[in-house]
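Here the structure is laid out as structure tokens; the discussion comes afterwards.
Residue numbers (the UniProt record's numbering): 1 to 245.
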């Protein structure tokens, strides 16, 4: 994967909103000493600078195909970004507080493009379920379900004090699971207890033909499907009320 240095530097310092930013302690690759760096997360790219006001980043970490793990370290509130492969580098970082560490772990775990792809897929499925319910005259009151992103945020577990360990590291896995089986009931996406079923865990982001898909695609699709869902809901409500006298 080829990266243009000037384009990356511009993207890192432009006025586009960041998904997360703040100071973290980064352990050196050759030496175990930690250095305080300013980190900025934009999309699936984690930039780090010497200082907060630095004009160019010192480096960038592309967050694709990685696991975000809590790990044991001399520094408190430490976690690691671990990539697959025997020769891949592991980045060990440390936050300044428990709250900051949890915020960074959650942000980095959701940074891949396939996480956004999952949200679009979940919106498409909800729209399909609504369309089938309207066409089949499914009885009962319809309740809008939260988006896949909101459900995923609610379902993301809080960091426990003690996690299972592998080779001295507590694992926070970013390798994502498979989709759930399709709904065959024909009357909405709820289980027997009338509670919304959780969305599937997001898969890792993929790069097609060497080019990552733009996050703006998700924004356009989200807006498009939101309008369609609102229109279908209004038609359904009018149908339930019946013709005006």
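In this text, a Cβ means the ideal position worked out from N, Cα and C, and glycines have one as well.
Asked, Found
"Residue range of the unbroken alpha helix (DSSP H) whose run includes residue 105", "98-109"
"Beta-carbon gap between residue 20 and residue 41 smaller than 7 Å", "yes"
"Pair within 7 Å by beta-carbon distance, residue 82 and residue 69", "yes"
"Enclosing alpha helix (DSSP H) for residue 136 [first to last residue]", "113-136"
"Whole-angstrom distance between residue 116 and residue 221, CA atom to CA atom", "11 Å"
"Burial state of residue 26, where buried means 16 or more other Cβ atoms lie within 10 Å", "buried"
"Where residue 5 falls: helix, strand or coil (DSSP)", "helix"
"Cβ neighbour criterion (16 or more within 10 Å) applied to residue 71", "buried"
"Selected residue, minimal CA-CA separation from residue 224, among 54, 124, 129, 131", "124"
"Backbone CA spacing between residue 52 and residue 106 [nearest angstrom]", "22 Å"
"Beta-carbon proximity of residue 104 to residue 94, cut-off 7 Å", "no"
"Which of helix, strand or coil DSSP assigns to residue 12", "helix"
"Through-space distance from residue 112 to residue 177, alpha-carbon basis", "Unreliable placement is indicated for residue 177, whose pLDDT of 45 sits below 50; the coordinate value is still reported in the next sentence. Computed Cα separation, rounded: 14 Å."
"Span of the beta strand (DSSP E), counted from its first residue to its last, around residue 80", "78-83"
"Beta-carbon contacts of residue 62 that lie in its chain and below 7 Å, excluding the five residues immediately before and after", "44, 45"
"Contacting residues, own chain, Cβ-Cβ under 8 Å from residue 77 (five flanking each side not counted)", "94, 95, 96, 97, 98, 100, 101"
"Opening and closing residue of the beta strand (DSSP E) in which residue 42 lies", "34-42"
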